[in-house]
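**Student:**
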Amino acid sequence: MGREPFRLSRDSGNDPVGAAWTAIRRTGRATVGERLRRVRLSLLVAVQCGVAAAVAWWVAKDLIHNPQPLFAPAVAVGTIASSVSQRFRRTLLLIAGVAVGIALGDLLVSWVGQGYVQIGVIVAAAILVAVLLSDEGAFVTQVGGSALVIAVLFPARTDIALPRFLDGVVGGVVGILVAVVVLPLHPIHRIRRAGRPLLDQMAAELDRLADAALARDAELARQGLDRLRRLDTSEVEAAMSGADEVVRISPLRWHNQSALQGWRHGAILMIRSLLHSRDVALNLERAIRDDEPVPPSLAEAARCLAEAARTVGKGWSPSASRPSRSQRAAMSALRLVQEGLRSGPRVSGINVANELTIIAVNTIRASGVRKRDAESLRRDLAPDTAGESGKRHPASDQGQPRPDLPLPPAMGDAF
18 MGREPFRLSR
28 DSGNDPVGAA
38 WTAIRRTGRA
48 TVGERLRRVR
58 LSLLVAVQCG
68 VAAAVAWWVA
78 KDLIHNPQPL
88 FAPAVAVGTI
98 ASSVSQRFRR
108 TLLLIAGVAV
118 GIALGDLLVS
128 WVGQGYVQIG
138 VIVAAAILVA
148 VLLSDEGAFV
158 TQVGGSALVI
168 AVLFPARTDI
178 ALPRFLDGVV
188 GGVVGILVAV
198 VVLPLHPIHR
208 IRRAGRPLLD
218 QMAAELDRLA
228 DAALARDAEL
238 ARQGLDRLRR
248 LDTSEVEAAM
258 SGADEVVRIS
268 PLRWHNQSAL
278 QGWRHGAILM
288 IRSLLHSRDV
298 ALNLERAIRD
308 DEPVPPSLAE
318 AARCLAEAAR
328 TVGKGWSPSA
338 SRPSRSQRAA
348 MSALRLVQEG
358 LRSGPRVSGI
368 NVANELTIIA
378 VNTIRASGVR
388 KRDAESLRRD
398 LAPDTAGESG
408 KRHPASDQGQ
418 PRPDLPLPPA
428 MGDAF
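Here this note's numbering is used: the first residue of the sequence shown is 18, the next is one more, and so on.
So, in structure tokens, the structure goes:
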């Protein structure tokens, strides 16, 4: 089978400007409900930023006695507002950028002096040195900004370097403490919030693929494939990484470590299911264009999997003998796939059946059933299908199948 490669966005790689405009238009079309949902989800982060800014200002001004500690709350807010899984790294980059920028600014001012031209030379030289040391945007920006402060605002003062550096340390430390120790986000809730929109979109596309199969509409299947390709899993991956950070550091969240492993495992499996849903769309389109039969039971199986995806995070059962709502829907999909295979589909139809089977098994495992038990259930309900490592038929209109794309290193199997 021609394996559908992982793509964050159809436009992101080849047309970054077009992708940016698409994101802007999407933001402009957001409903009042969507905007309120964003506000609700960001409420704790806003509180964290406010608390961190106030504490950083107090520490830098009253404890360290810096009369103008503007940089401390700025770094604190920047640390919290950055991607949750990159806080330590971003803080270290900010502090290192301050130190390097101050040193370069002092050195260059002593060499070239003051003036309009000299300011441009100092900033340009500082940025070039920063790029030579690292290509991280946060580091380069901070080096240039710190050198500019030294060159423009304090060219004749020698007492600004240490307070600014200490401000950076204070802001970074306070930001991390507030974000992961004092007011930490709930790690499980963070994964659920990040994964819910993705699962809802995946479910909607599976419903549309079922419609395409019943109507034998290849263009509808192609549109579904395009939309599935544009689904971005980076927010879920960042949420998992951030959740790991929180339960590792925050004493208030240490008790969530065991539960987090189960949710992380489920999120990994559903990301894999998203990739396989692209293969469902790809092979369905080919089956229709090649005038292959597509059994109606495969369309119904796709609808069952849409229901399973919508409810996978709402129920947990470690036993298939007492299935959750999501597991029941996935088991119904397995029965329908087996029924479809009995009607004699051809190459692409068989591939569709196999991909639907993999999604069903992944969904059953994501909601609590062990891999061995889920595979045993597949063999009982759909013995004619291949498992995830099973052999697939090559796609009829492709000379060479594309290789499977492995999951990122952080996304390996949890169990």
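All C-beta atoms in this analysis are idealised placements derived from N, C-alpha and C, irrespective of residue type, glycine included. Keep in mind the model is a prediction, meaning the values are calculated, not measured.
By how many angstroms is the C-alpha of Pro-201 removed from the C-alpha of Asp-261?
**Tutor:** Rounded to the nearest angstrom, the two C-alpha atoms are 12 Å apart.
**Student:** Which word fits Gly-5, buried or exposed, when buried means at least 16 other C-beta atoms lie within 10 angstroms of its C-beta?
**Tutor:** Residue 5 lies beyond the residue range present for the chain, which begins at 18 and ends at 432; the question has no answer from this structure.
**Student:** When the Cα of Ser-127 is compared with those of Ile-167, Thr-96, Leu-145 and Asp-152, which residue comes out closest?
**Tutor:** Selected option, being the one with the closest Cα: Ile-167.
**Student:** Please list the terminal residues of the continuous alpha helix (DSSP H) segment that includes Trp-280.
**Tutor:** Taken as a continuous stretch (DSSP letters only), the alpha helix (DSSP H) holding Trp-280 covers 274-306.
**Student:** Find out if the Cβ-Cβ distance for the pair Leu-121, Ala-93 is shorter than 7 Å.
**Tutor:** Not a contact, by the Cβ cut-off of 7 Å.
**Student:** My assumption, with CB atoms under 8 Å, is that Ala-304 sits in contact with Gly-366. Please give the rounded CB distance.
**Tutor:** With 8 Å as the limit, Ala-304 and Gly-366 qualify as a contact, their Cβ atoms being about 5 Å apart.
**Student:** Mind checking whether Val-138 and Gly-185 have CB atoms under 7 Å apart?
**Tutor:** No, Cβ-Cβ distance for Val-138 and Gly-185 is not below 7 Å.
**Student:** Count the other C-beta atoms from every protein chain shown that fall within 10 angstroms of the C-beta of Ala-227, then say buried if there are 16 or more, exposed otherwise.
**Tutor:** Ala-227 is buried by the Cβ-count criterion.
**Student:** Identify which residue in Ala-230, Arg-233, His-206 and Ser-290 has its Cα closest to the Cα of Arg-246.
**Tutor:** That would be Ser-290, whose Cα lies nearest to the Cα of Arg-246.
**Student:** Out of Gly-330, Phe-156, Pro-313 and Leu-269, point me to the one whose CA is closest to Ile-144's CA.
**Tutor:** It is Phe-156 whose Cα lies nearest to the Cα of Ile-144.
**Student:** Counting pairs of beta carbons, one from the stretch 268-282 and one from the stretch 307-326, are three or more of them closer than 8 Å?
**Tutor:** Result no; under three Cβ-Cβ pairs closer than 8 Å.
**Student:** What is the residue span of the alpha helix (DSSP H) that Leu-245 lies within?
**Tutor:** 235-247 is the span of the alpha helix (DSSP H), which, as asked, contains Leu-245.
**Student:** Within its chain, find whatever has a CB closer than 6 Å to the CB of Ala-326; leave out the 5 residues flanking it on each side and keep chain order.
**Tutor:** Cβ neighbours of Ala-326 beyond the five flanking positions: Leu-216, Met-219 and Ala-220.
**Student:** Out of Arg-363, Ala-71 and Ala-347, which has the shortest C-alpha to C-alpha gap to Val-395?
**Tutor:** Checking the sequence, you will find Arg at residue 395 rather than Val. When only C-alpha atoms are compared, the closest one is Ala-347.
**Student:** To the nearest angstrom, report how far apart Leu-194 and Ser-267 are at their CA atoms.
**Tutor:** Answer to the nearest angstrom: the Cα atoms are 9 Å apart.
**Student:** Less than 7 Å separating the beta-carbons of Val-264 and Pro-204?
**Tutor:** Their beta carbons are under 7 Å apart, which means Val-264 touches Pro-204 by this criterion.
**Student:** Write down the C-beta distance between Ala-383 and Val-329 rounded to the nearest angstrom, noting that I regard them as a contact closer than 8 Å.
**Tutor:** With a Cβ gap of about 6 Å, Ala-383 and Val-329 count as contacting.
**Student:** Given a threshold of 16 other Cβ atoms within 10 Å of its Cβ, counted over all protein chains shown, does Ala-63 qualify as buried or as exposed?
**Tutor:** By the 10 Å Cβ count, Ala-63 comes out exposed.
**Student:** Skipping 5 residues on each side, what residues in its chain have a beta carbon closer than 6 Å to that of Asn-83?
**Tutor:** If we look at Asn-83 and ignore the five residues flanking it on each side, its Cβ neighbours are Ala-77 and Pro-180.
**Student:** Within the same chain, show all residues whose beta-carbon is closer than 6 Å to that of Gly-161, passing over the 5 residues directly before and after it, in chain order.
**Tutor:** Result list for Gly-161: Val-140, Ala-143 and Ile-144, in chain order.
**Student:** So Arg-345 is in the alpha helix (DSSP H); what residue range does that whole segment cover?
**Tutor:** Where Arg-345 is concerned, the enclosing alpha helix (DSSP H) stretches over 342-359.
**Student:** Specify the secondary structure class of Thr-402 as computed by DSSP and reduced to three states.
**Tutor:** In the structure shown, Thr-402 sits in coil (DSSP, three-state: anything other than H, G, I, E or B).
**Student:** I think Thr-108 touches Gly-189, with their Cβ atoms under 8 Å apart; what is that distance to the nearest whole Å?
**Tutor:** Going by Cβ atoms, the distance from Thr-108 to Gly-189 rounds to 4 Å, so yes, they are a contact pair.
**Student:** Taking only three categories from DSSP, how would you classify Arg-123?
**Tutor:** The question names Arg, yet the displayed sequence has Asp at residue 123. Three-state result, Asp-123: helix.
**Student:** Helix, strand or coil: which one does DSSP assign to Ser-258?
**Tutor:** It is helical.
**Student:** CB-CB under 6 Å to Leu-286, same chain, minus the five flanking residues each way: which ones, in chain order?
**Tutor:** These residues qualify, in order along the chain: Asn-379, Arg-382 and Ala-383.
**Student:** Could you tell me whether the Cβ atoms of Ile-97 and Cys-66 are closer together than 7 Å?
**Tutor:** Taking 7 Å as the Cβ cut-off, Ile-97 and Cys-66 qualify as a contacting pair.
**Student:** With a cut-off of 8 Å on the beta carbons, I'd call Ala-433 and Val-187 a contact; round off their distance for me.
**Tutor:** The chain is shown from 18 up to 432; residue 433 falls before or after that span and cannot be answered.
**Student:** Mapping the DSSP letters down to three states, classify Leu-231 as helix, strand or coil.
**Tutor:** Three-state result, Leu-231: helix.
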